[in-house]
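Please read the structure below before turning to the comments.
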Amino acid sequence: MPTTTALRRLVAVAAALALGLPLAACGRPDDDSSSDGTTTMTVASFPMGNSLDPWGSQVSTYTAQAAYDTLTRLQPDGTIGPWLAESWEYTDPTTLRLELRDGVEFTDGTAFDAESVKANLEYGRAANPKNSGSAGFVASIGEVTVVDEQTVDIALTEANPDLPWAFSQQAGWMVSPKALTN
Numbered sequence: 000m001p002t003t004t005a006l007r008r009l010v011a012v013a014a015a016l017a018l019g020l021p022l023a024a025c026g027r028p029d030d031d032s033s034s035d036g037t038t039t040m041t042v043a044s045f046p047m048g049n050s051l052d053p054w055g056s057q058v059s060t061y062t063a064q065a066a067y068d069t070l071t072r073l074q075p076d077g078t079i080g081p082w083l084a085e086s087w088e089y090t091d092p093t094t095l096r097l098e099l100r101d102g103v104e105f106t107d108g109t110a111f112d113a114e115s116v117k118a119n120l121e122y123g124r125a126a127n128p129k130n131s132g133s134a135g136f137v138a139s140i141g142e143v144t145v146v147d148e149q150t151v152d153i154a155l156t157e158a159n160p161d162l163p164w165a166f167s168q169q170a171g172w173m174v175s176p177k178a179l180t181n
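Residue numbering for the sequence shown follows numbering that gives the first Met the number 0, starting at 0 and increasing by one per position.
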């Protein structure tokens, strides 16, 4: 058990990091503008890997959360709420059906749909090395079936009642299928 002084130091360091990280990414807009009118956003985070591939690297969660949306979202009260997936249900103990939000596009213009979810989950299962935050959850995925444009069935090799929660975390980060090929 840490001493009171050690605990206070730990809390002080955590508070400094929590306050400093958001400020480290802030700057004047004219500082990052280039001559062609584009703007660069700089995100300060702990270095974790050398890639923004959320499936195949140990990318910092701070960086990935700024770049990728998740299938579900952790709500302030601790429940799991909709995000890219508007709803979900277990149709049996080993099949999770996701109903996806319509009208969403990735920043490259690619439509977010059931094929996107299938591409991400299959890519995540095959990634080597695997992201340690998502590997355990995608390991239970046996097959991903596109039911229709906005519906996907995820067949599991064993029951996994935590999958909707995992989809609010690293296992739910969605990347444009075009970006997965690069």
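Idealized CB from N, CA, C, for every residue including glycine. The structure presented is a predicted model; accordingly, all values stated were derived computationally and were not measured.
Exercise for the section: State buried or exposed for G77, treating a residue as buried only when at least 16 other CB atoms are found within 10 Å of its CB. Expected result: Counting from one through the sequence shown, the residue named residue 77 turns up at place 78. Its Cβ having fewer than 16 others within 10 Å, G77 is exposed.
Handout entry: 7 Å Cβ shell around A66 - same chain, five flanking residues per side excluded
Key = One-based indexing of the sequence shown puts residue 66 at position 67. Excluding positions up to five away in sequence, the list reads L51.
Practice task
Per DSSP, which residues does E104 bridge with? Please list them.
Solution key: Position 105 of the sequence shown, counted from the first residue, corresponds to residue 104. E104 pairs with A110.
Practice task
Kindly indicate which three-state DSSP category A170 falls into: helix, strand or coil?
Solution key: As a first step, residue 170 is located in the sequence shown; it is residue number 171 there, counting from the start. Correct three-state label for A170: helix.
Handout entry: Minimum length 3: unbroken beta strand (DSSP E) runs contained in the region 73-156
Key = 79-81, 84-91, 94-99, 140-147, 150-155
Exercise for the section: Could you tell me which residues DSSP pairs with D68 in its beta bridges? Expected result: The count along the sequence shown starts at 1 and reaches residue 68 at position 69. M173.
Handout entry: Chain-order list of residues whose beta-carbon lies under 6 Å from that of D112 (same chain, five-residue window excluded)
Key = Residue numbering aside, residue 112 sits at position 113 when the sequence shown is read from its first letter. Only E148 meet the Cβ criterion.
Handout entry: Span of the alpha helix (DSSP H) around P163
Key = Taking the sequence shown and counting its residues from 1, one reaches residue 163 at position 164. 162-165 is the extent of the alpha helix (DSSP H) around P163.
Exercise for the section: Using alpha carbons as the reference points, say which of E114, V151, A84, A165 lies closest to S139. Expected result: As a first step, residue 139 must be located in the sequence shown, where it is residue number 140. Taking only the C-alpha atoms, the option nearest S139 is A165.
Exercise for the section: Could you tell me whether the region 109-129 touches the region 85-96, using the rule of 3 or more Cβ pairs below 8 Å? Expected result: no
Practice task
Compare the Cα-Cα distances from N119 to each of N159, S86, T144, D101 and report the closest residue.
Solution key: Numbered from its first residue, the sequence shown carries residue 119 at position 120. Checking every option, the nearest Cα to that of N119 belongs to T144.
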